[in-house]
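Asker:
Numbering (my numbering), first residue to last: 2 to 713.
Given below as structure tokens:
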């Protein structure tokens, strides 16, 4: 229904794109060698945005994997009207697989199928352009290229309505799906930044069909990361830091809010029921510490709900959906509600044979066998099972069925455990444990538990073998601790949620429209600007300022750095650009701080949570102790708990930004503070300099003190 209601809007958008295309006629593309800066920026955006056929994450997939998934995807049937993003993502992925396997004719059919349903699908358009140009069908590629340029041109406009956002969001969600599809059992969530972008843009897309898919996918990614972070907390033991604890807490709260956003906007019973179920699962991950009251303190309908309330809410909406039933069933296993779990898991498998369903039911049987509180009488009374051995045989059958759907290391580990418990199958058990531990998959199972099972299987009397397994387990533990959970994360949402895309009255704007849209392959929108290195006057420091910031605030801070260096000819330095490679980090910090006239600290929640950033702040205060006047100049980019930082920070006056912009008089005072031996009035016309000088004299006569650094 939502798709049909939006059809007229889609047609209007296509008409607008076609009208916009008139500015890009064939003759212009062939003959014009002069292009505007805006057109050049559009070309850069398209190039950096890429497509399936170019994305680096998809370039090293082997032919066997592609061939296997070619068959898997061929069996999937989806309706565009029900799940538009998923439908187009799957079809684009099928086109990519056919292209990589050498059948470009089939690939073109899949990309065209996407465009028949979604004529402004960025990835399908880019895939077509890439493939047709590679086939030297240049003229045929131009209509797709013009349509693509028109979409990106719309995205750069600073209008009140966010034109082009739905197309961008769907393209990001598509990329996240492609990466996730081939990395389903990896802990390093390389797709996280893209699914985050889709959800962020979705918040600005009014009445856009299918945007709940973007929110749900982002929430699901955060749920999976929550599982891994809690496992990492268990692995690290007492070595876990406060920073990681805060990351776990913030990730949980963000995931819950996103699932709740889906509940508010979705009409799909599947999305509604699953969102409630996953909120319950997140609560049950850490039941002693997590409550909805902390996430929704002012919502009387939600704040008192516990995990089981959420499960029941989900089942009340749809108690037949195969994913809802198997997810709740898996949670009931953890809660030892075995009879209810078996009922739900059986129901799920009756509707759809799946790896998840067989795996969860296998875990149910294995858990029941190892639960010493269950007597044989309980098994007969509750489940009609004659003996505990029958439980192992049923678990074995389910794990083997799961392996027919997907070969995952977790099933090898559990099968090894079953063989060991059955007795007389020690060799099979060891082979399964080895296969699980040797796998390059690192998600969905506890590898350290597998090593423990393996050691128990060979027996502690085998001293050397047991010691070797303990050593391997410790090596694996250290590897887990060192593995980042989401590389290429760029906190894309910060750029949209905290910064204004248009100028505020009476403020200095640092970010331009291009900063919000140039999506580079590395996930950031700005590169380090070339430093201004004018002559150093006698008696002055080498640098006018040292700029310290957290990497997640990089886009804004590099815009600040660029403006100070290019427009005001100030000499700045930053760790990321100027530190000496290979030198001791602490010595680098001290050296550059000593050589800087001022130290500008950009404060945000990310800075507060980062131990390394706080170390720079402490060192800056040590250097500033020997300086005259204010040395540490704090800029509060977004509200944060500054009381958790060095107490001396409370004694220093700060500049507070508003949506990423700085009040003009604060900006002028900042420039004045950064200049060495040169007043801001030097850049003014003579008459203005005279007026300002007179005002300063009068203020002095009236004994009015003026701080070198502004009060907020």
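In this text, a Cβ means the ideal position worked out from N, Cα and C, and glycines have one as well.
Given residue 709, which residues of its chain have a CB within under 8 Å of its CB, disregarding the five upstream and five downstream residues?
Answerer: Reliability of the predicted coordinates at residue 709 is poor, the pLDDT of 38 falling under 50, and the value obtained from them is presented with this limitation in mind. Correct list, in chain order: 630, 631, 670, 673 and 674.
Asker: With H, G and I counted as helix, E and B as strand and the rest as coil, what does DSSP make of residue 657?
Answerer: DSSP places residue 657 in strand when its eight states are reduced to three.
Asker: Along the chain, where does the alpha helix (DSSP H) that runs through residue 324 open and close?
Answerer: Looking at the DSSP string, the run of the alpha helix (DSSP H) that includes residue 324 is 323-335.
Asker: Could you check what DSSP says for residue 87 in three-state terms: helix, strand or coil?
Answerer: Residue 87 falls in the helix class under three-state DSSP.
Asker: Alpha carbons only, please: which of 138, 216, 660 and 575 is nearest the one belonging to residue 599?
Answerer: Closest option to residue 599, Cα to Cα, is 575.
Asker: Would you identify the three-state DSSP class for residue 541, choosing helix, strand or coil?
Answerer: Residue 541: coil per DSSP, three-state reduction.
Asker: My assumption, with CB atoms under 8 Å, is that residue 349 sits in contact with residue 330. Please give the rounded CB distance.
Answerer: Yes, they are in contact, since the Cβ atoms of residue 349 and residue 330 sit about 7 Å apart, within 8 Å.
Asker: Would you identify the three-state DSSP class for residue 575, choosing helix, strand or coil?
Answerer: Residue 575 falls in the strand class under three-state DSSP.
Asker: Indicate the three-state DSSP secondary structure (helix, strand or coil) for residue 267 in the structure shown.
Answerer: Coil.
Asker: Would you decide whether residue 210 is buried or exposed? Buried here means 16 or more other CB atoms lie within 10 Å of its CB.
Answerer: By the neighbour-count rule (16 or more Cβ atoms within 10 Å), residue 210 is buried.
Asker: Tell me, please, which residues DSSP counts as bridged to residue 663.
Answerer: Looking at the DSSP assignment, residue 663 forms a beta bridge with 509.
Asker: Just how far apart, CA to CA, sit residue 547 and residue 612?
Answerer: About 18 Å.
Asker: Report yes or no: do three or more beta-carbon pairs, one from the stretch 138-145 and one from the stretch 57-68, lie closer than 8 Å?
Answerer: Taking 8 Å as the limit for Cβ pairs, the verdict is that the stretch 57-68 does not touch the stretch 138-145.
Asker: Whole angstroms is fine: what's the gap from residue 270's alpha carbon to residue 253's?
Answerer: Going from the Cα of residue 270 to the Cα of residue 253 covers about 23 Å.
Asker: Flag this pair as touching only if the stretch 215-224 and the stretch 256-267 have three or more C-beta atom pairs under 8 Å; answer yes or no.
Answerer: The stretch 215-224 vs the stretch 256-267: in contact.
Asker: In its own chain, which residues sit with a C-beta less than 8 Å from the C-beta of residue 77, not counting the 5 before and 5 after it?
Answerer: These residues qualify, in order along the chain: 91.
Asker: Kindly indicate which three-state DSSP category residue 599 falls into: helix, strand or coil?
Answerer: In the structure shown, residue 599 sits in a strand (DSSP, three-state: E or B).
Asker: Within this structure, are the beta carbons of residue 636 and residue 565 separated by less than 9 Å?
Answerer: No, they are not a contact pair.
Asker: Taking only three categories from DSSP, how would you classify residue 303?
Answerer: Residue state, collapsed to three classes: coil.
Asker: Apart from the five residues on each side of it in sequence, which residues of its chain come closer than 7 Å, Cβ to Cβ, to residue 420?
Answerer: The answer, listed in chain order, is 426, 429, 430 and 433.
Asker: Skipping 5 residues on each side, what residues in its chain have a beta carbon closer than 6 Å to that of residue 356?
Answerer: Here the set comprises 403, 406 and 407.
Asker: Using the three-state DSSP reduction, which class does residue 146 fall into: helix, strand or coil?
Answerer: If DSSP states are grouped into helix, strand and coil, residue 146 belongs with the helices.
Asker: May I have the straight-line CA-CA distance separating residue 1 from residue 233, to the nearest angstrom?
Answerer: Because residue 1 is not part of the residues shown, which for the chain are 2 to 713, the question remains open.
Asker: Under a three-way DSSP split, which group does residue 626 fall into?
Answerer: Three-state result, residue 626: coil.
Asker: Is residue 239 buried or exposed, if buried means 16 or more other CB atoms sit within 10 Å of its CB?
Answerer: By the neighbour-count rule (16 or more Cβ atoms within 10 Å), residue 239 is not buried but exposed.
Asker: By alpha-carbon positions, which one of 237, 620, 412 and 313 ends up nearest to residue 479?
Answerer: Nearest of 237, 620, 412 and 313 to residue 479, Cα basis: 237.
Asker: In whole angstroms, give me the CA-to-CA distance for residue 170 and residue 198.
Answerer: The straight-line gap from Cα to Cα measures roughly 7 Å.
Asker: Please find out if some non-hydrogen atom of the ligand ZN comes closer than 8 Å to the beta-carbon of residue 471.
Answerer: The ligand ZN is absent from the structure shown, which contains no ligands of any kind.
Asker: If you draw a straight line from the C-alpha of residue 590 to the C-alpha of residue 614, how long is it?
Answerer: Answer to the nearest angstrom: the Cα atoms are 11 Å apart.
Asker: Indicate the three-state DSSP secondary structure (helix, strand or coil) for residue 637 in the structure shown.
Answerer: Three-state result, residue 637: strand.
Asker: Using the DSSP secondary-structure output, state which residues sit across from residue 549 in a beta bridge.
Answerer: According to DSSP, which records beta bridges pairwise, residue 549 is partnered with 602.
Asker: Are the Cβ atoms of residue 650 and residue 633 separated by less than 9 Å?
Answerer: A contact, by the Cβ cut-off of 9 Å.
Asker: Can you name, in chain order, every residue of its own chain whose Cβ lies under 8 Å from the Cβ of residue 230, other than the five neighbours on each side?
Answerer: Closer than 8 Å at the Cβ level, and outside the excluded window around residue 230, lie 245, 248, 249, 252 and 486.
Asker: Just to confirm the assignment: which complete beta strand (DSSP E) runs, minimum length 3, are found wholly within the stretch 39-111?
Answerer: Correct list: empty.
Asker: Given a cut-off of 9 Å on the beta-carbon distance, is the pair residue 128 and residue 108 in contact?
Answerer: Cβ distance < 9 Å, so residue 128 and residue 108 count as in contact.
Asker: So for residue 249, helix, strand or coil by DSSP?
Answerer: If DSSP states are grouped into helix, strand and coil, residue 249 belongs with the helices.
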